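>
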Amino acid sequence: MNFPGSGIVKGLAVTARNMVGSYFEKDRLTTEQYPEERPKLPENSRSFPFLIYDGQDPESGMRCVACKICEKECPPQCIFIIQDRDAAGKPIKRPKVFDIDISVCMCCQICVEVCPFESIRMDQEYELSSFDRFAPLLLDKARLLKSNAYYHSIHPTEAAETDAQLEVERKKKEAAASAKAAKSDKPTEAAA
Amino acid sequence: MMDLLEGAPIQLQAWFLGLLRSFGTPEWILAVLSALIIIGTIIGVFLVLFALTSVLERKILARAQNRYGPNRVGPFGLFQPVADGIKMITKEDLVPRTADKVVHFLAPVVMLIPALLVLAILPYGRGMVPAEMDSGILFFFAVGAGTEVAVFMAGWASNNKYSVLGAMRAIAQMISYELPLVISAIITAMVAGSLSPSAIVAAQGGFAFGFVPQWFVLTPWGFTAGLVFYIAALAEANRSPFDLPEGESELVAGHLTEYSGFKYATFFMAEYIGMFAICGMFVTLFLGGWQAPVPALTIIPSWCWFLGKICFVAFTMVWVRATLPRLRIDHMLAFAWKFLLPMGFAAFLSAACWHYAGRGPAAWILSLAIIGIPYLLLGNSFTNRFAVSRRTYQFSE
Amino acid sequence: MTLQILLATSAVLFAFGLAAALSRSNAIMILIGIELMLGAANLNFIAFWRFSENPSGLAGILFVIFSIAVAAAGAAVGLSIIILVHRRIRSVEVDDASNLKG
Amino acid sequence: MMCAFFNTVCADPLKFLGNWFVVLPAIVLLLAAGASVVARNLIHAALFLTLSFIALGVVFIALGAEFVGLVQLLVYVGAVAMVIVFAILLTHPAQLEKSRTPFSGLGPAGGAAVGFAVLAVLLAFIFASPLGKKPLPPSAAAPVAAIGEALMGDYVVALIALGVLLTAALVGAAVLAMDDKKP
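This is the structure:
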């Protein structure tokens, strides 16, 4: 048999503990004061996709080859790519236009999964609000391109894995190229 | 130094009037002016308290819920009331097309008048009663009854079903809780032998054994009556957990649904000033009014003690608001009629026995027994009746 | 100020109440008329007490207190009867409650 | 004490404001009562009735019967007026605006005629009587303590009877208004 009213006293004690405790214990005051304090995002958090370039120059270091796989796979169809052409009108492996409409994007990461060149990755930038519905939310190539170093800064583990994989692929390709070169060398020699 | 502060408000007023008199101001102007000074001071003090409470309440509630609360406007968010006030005044004053325009306009005025009038009889300090009345307690409750009229006017004139429902709930609640409120107040009047607030405060003066204050709340019957008064005061001031009239989850905002802008601000202000008034009454009746709790602290001016105690009681009301969820309407009315009212009568009986048994140790035991037995019986029957049974869901297997 | 003013006020109030009780069709309005008449009577008691030779006798005051209490009891019972009638015949017009009319 | 002004007003209202302290609320009382009687809207009638109760309480206070005036306010404004309003809302929600026939029984003319007849008789006696021309006694106070002692002394039987009556009325009202379908 509980003493009548004991529940109310217990409840009052709980709130009193919180009232006083929130001034002394950090655990009891978990609010982050947003503009001054930034949340420390978990490493795997993601917002919208961005494009990676290697080296210093965004244009020359661009990994994207305008294969348009991401454009085809994108469920809400928010990616828009036009392949670049050289002076002779011959297509080259580089996008002329690469737009992502982040007002449509649903952050599903499918573009990242399907990209064979590890060129597109998810960003952590979340302060994207703007006063206009259209232009500021349509990210063009210039705004999408970010350096590999930036990628390392936001997703270190994943970036290291990607780099290692790219290195393996590059080595394989070199080996294949050198093998091919060796192979092609032989017939010429033979022909000679 | 402290003696100077003790009489400071009265001295200031006398000095100011003396100054005017030396200029040859007629006597009747001085009489009216002396009243106006007091009215202005009291209203000013309570408006400042209201402004402070409106921000501190939110901060305390926030801390109880592990949040920061308002801290953007000014240092520690203390200018929040100014921002709120500007917002309230600049908002559009909406009146529904089908509303009863005159009654709709009068309701906030009628709400504010009793809230301000009842401040007249509170003893703010030693010899500081604005209107010394023979039946001050009765005045408090009689004028306070005007609030019900205002709530009804607001609810009915809005011509909105939520408003009317909220107003009917509010009236049912106020009528039900007025009984325990008045009965617990009458007990102190009975023991003190007077309906005058200053006489009741005087009856609580002095210290037993030289250090224990003889406040009514420190006796068994006084504690019970004080608790009954406090709970009923929560209901009368429409404070949580009895804030059903404006239960936003079911009634939008009750009788305030159709009010906006300055009219809403007036209601808000009247509610808070009414809360302070009833806190002041609680302090006067049970917490010894302006008396200091320890003999050594009597050097602090009496009016500081009174204001401090009001702030303390108001803080506990915020604390209760942070703790308890809103009651259901039938539970609330049942609580008033089946628990608070019998406990009020028990305290009544207990106080009478305490007085006639000589106010000694035997009286204490007797009055404790008279309180304790009904408390245990009623409390247990209540907890059993409203015990939450295990929920069963239709398709839960 | 003489007693006449107060008594005249009380008489006018009583006439108002009487007119309401006799002519209005709504039962609640009739109750309001009765309350006005009781108020007029109370005003008379207080006026006579104020002008009496022996005001410390308090008879007028005490009579008014009793009268107020009785009026409150009457109002409570009367209104619950009105609610009961409304529940039976869905109306509070006194003309509608005519089951016993020959 | 703190404010001589309030205290002189409270001690003897008539001395300070003169007869106006009685006459003004009396005028308000009559106007409100009249408006209440002729109001077509029931809620307006109830609100005017509340105003007339308040004015009556002020008249009592002005005449020196402070305790009775406050009891009048507490009981009539706080309880009776609110119970009337409650009854109106419970019984009449749909047709508040248009009472079918606001008058019945004697009708407005008959009611007014009876009212005037009674008023004429009363006024004739009031103004004929020499009692009415008595001057105002200097002051009459009804201290709360004296009222309490009288209630507990000479009038104790009446007080107990009143208690029984009120209890009976409370129980009776509750039983009457109880829904008989589900006890």
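Chains as they are written, first to last, in this note's numbering: chain A, 1 to 192; chain B, 1 to 397; chain C, 1 to 102; chain D, 1 to 183.
We treat Cβ as the ideally placed atom computed from N, Cα and C, and that holds for glycine.
None of the values given here were measured: they were computed from a predicted structure.
Please confirm whether Ala146 (chain D) has its beta-carbon closer than 8 Å to some beta-carbon of chain B.
So no, Ala146 (chain D) is outside the interface.
> Can you check whether the C-beta of Leu47 (chain D) is within less than 8 Å of a C-beta belonging to chain C?
No, no contact with chain C.
> Consider the Cβ of Ala8 (chain B): report whether some Cβ of chain A lies at a distance smaller than 8 Å.
No, Ala8 (chain B) lies away from the interface with chain A (no Cβ there is under 8 Å from its Cβ).
> Going along the chain, which residues of its own chain have a beta-carbon closer than 7 Å to the beta-carbon of Ala131 (chain B), five neighbours each way excluded?
Hits under 7 Å: Ala120 and Ile121.
> By the 10 Å Cβ neighbour count, where 16 or more other Cβ atoms means buried, how is Thr30 (chain A) classified, buried or exposed?
Classification of Thr30 (chain A): exposed, given that the 10 Å Cβ count is below 16.
> Tell me, please, which residues DSSP counts as bridged to Lys146 (chain A).
Answer is A:Ile52, bridged to Lys146 (chain A).
> By alpha-carbon positions, which one of B:Pro293, B:Ile43, B:Leu366 and B:Thr25 ends up nearest to Ala208 (chain B)?
Among B:Pro293, B:Ile43, B:Leu366 and B:Thr25, the Cα nearest to that of Ala208 (chain B) is on B:Pro293.
> Do we get a CB-CB distance below 8 Å when we pair Ile32 (chain C) with the residues of chain D?
Closer than 8 Å to some Cβ of chain D, the Cβ of Ile32 (chain C) qualifies, so yes.
> Applying the criterion that 16 or more other CB atoms from any shown protein chain within 10 Å of the CB defines a buried residue, is Arg321 (chain B) buried or exposed?
That one is buried.
> If we call anything under 8 Å between Cβ atoms a contact, is Val71 (chain D) one with Pro25 (chain D)?
No, these two residues do not count as a Cβ contact at 8 Å.
> Using 8 Å as the limit for Cβ to Cβ distance, is Phe16 (chain C) near chain D?
So, interface residue.
> Please classify Cys107 (chain A) as buried or exposed, where buried requires at least 16 neighbouring CB atoms within 10 angstroms.
Cys107 (chain A) is exposed by the Cβ-count criterion.
> Looking at chain B, is there any beta carbon in it that lies within less than 8 Å of the beta carbon of Leu19 (chain A)?
One detail in the question is off: residue 19 (chain A) reads as Met in this sequence, not Leu. With 8 Å as the cut-off, Met19 (chain A) counts as an interface residue toward chain B.
> Residue ranges of each beta strand (DSSP E) run of no fewer than 3 residues wholly in the stretch 320-369 of chain B, ordered along the chain?
Runs of the beta strand (DSSP E) inside the stretch 320-369 of chain B: none found.
> Output yes or no for whether 8 Å exceeds the beta carbon distance between Leu49 (chain D) and Glu35 (chain C).
In contact: Leu49 (chain D) and Glu35 (chain C) (Cβ atoms closer than 8 Å).
> Between the Cα of Ser350 (chain B) and the Cα atoms of B:His331, B:Ile329 and B:Tyr375, which residue gives the shortest distance?
Nearest of B:His331, B:Ile329 and B:Tyr375 to Ser350 (chain B), Cα basis: B:Tyr375.
> Quick check: does the Cβ of Phe67 (chain D) come within less than 7 Å of any heavy atom belonging to the ligand FMN?
Judged by which ligands are present, the structure shown has none, so any question about the ligand FMN falls away.
> Which one of B:Leu5, B:Pro96, B:Leu324 and B:Val228 has the shortest CA to CA distance from Phe339 (chain B)?
The residue with the shortest Cα to Cα distance from Phe339 (chain B) is B:Val228.
> Thr50 (chain D) touches chain B at which residues, Cβ-Cβ below 8 Å?
Near Thr50 (chain D) (Cβ distances below 8 Å), the residues of chain B are Val149.
> By Cβ distance, which residues of its chain are closer than 6 Å to Lys263 (chain B), with the 5 residues on each side in sequence left out?
The residues are Pro108.
> Measure the CB-CB distance between Ala109 (chain C) and Gly33 (chain C) and report whether it falls below 8 Å.
Residue 109 (chain C) falls outside the range modelled here, since chain C spans only 1 to 102, and no answer is possible.
> DSSP three-state label for Pro143 (chain D), please.
Pro143 (chain D) falls in the coil class under three-state DSSP.
> Looking at C-alpha atoms only, which residue of B:Gly166, B:Met168, B:Ala352 and B:Leu112 is the closest neighbour of Gly146 (chain B)?
It is B:Leu112.
> Rounded to a whole number of angstroms, what is the C-alpha to C-alpha distance between Cys67 (chain A) and Glu167 (chain A)?
Between Cys67 (chain A) and Glu167 (chain A), the C-alpha separation is close to 21 Å.
> The beta strand (DSSP E) that contains Val97 (chain A), what's its start and end?
Element bounds for Val97 (chain A): Pro91 to Asp101.
> May I ask you to list the residues that DSSP assigns as paired with Val212 (chain B)?
According to DSSP, Val212 (chain B) bridges with B:Ala208.
> By how many angstroms is the C-alpha of Ala142 (chain B) removed from the C-alpha of Asp134 (chain B)?
Cα-Cα distance, rounded: 14 Å.
> Taking 8 Å as the CB-CB cut-off, is Ala16 (chain A) touching chain B?
So, interface residue.
> Given a threshold of 16 other Cβ atoms within 10 Å of its Cβ, counted over all protein chains shown, does Phe134 (chain A) qualify as buried or as exposed?
With fewer than 16 other Cβ atoms within 10 Å, it is exposed.
> Quick check: the Cα distance between Gly7 (chain A) and Val104 (chain A), rounded to an integer number of angstroms?
Approximately 51 Å between the Cα atoms of the pair.
> Could one say the Cβ of Ile60 (chain B) lies closer than 8 Å to chain A's Cβ atoms, at least one of them?
It does; some Cβ of chain A falls within 8 Å.
> Just the chain B side, please: which residues come within less than 7 Å of Ile43 (chain D) by C-beta, in chain order?
Here the neighbours are Trp156.
> Any beta carbon of chain A sitting closer than 8 Å to that of Phe382 (chain B)?
True, the Cβ-Cβ gap to chain A drops below 8 Å.
> Report yes or no: do three or more beta-carbon pairs, one from the stretch 236-252 of chain B and one from the stretch 65-77 of chain B, lie closer than 8 Å?
With the cut-off at 8 Å, the stretch 236-252 of chain B and the stretch 65-77 of chain B do not touch.
> Put Phe51 (chain C) into one of helix, strand or coil per three-state DSSP.
Three-state DSSP puts Phe51 (chain C) in coil, outside helix and strand.
> By Cβ distance below 6 Å, which residues in the same chain neighbour Lys96 (chain A) in space, the five residues on each side in sequence not counted?
If we look at Lys96 (chain A) and ignore the five residues flanking it on each side, its Cβ neighbours are Ile82 and Asp84.
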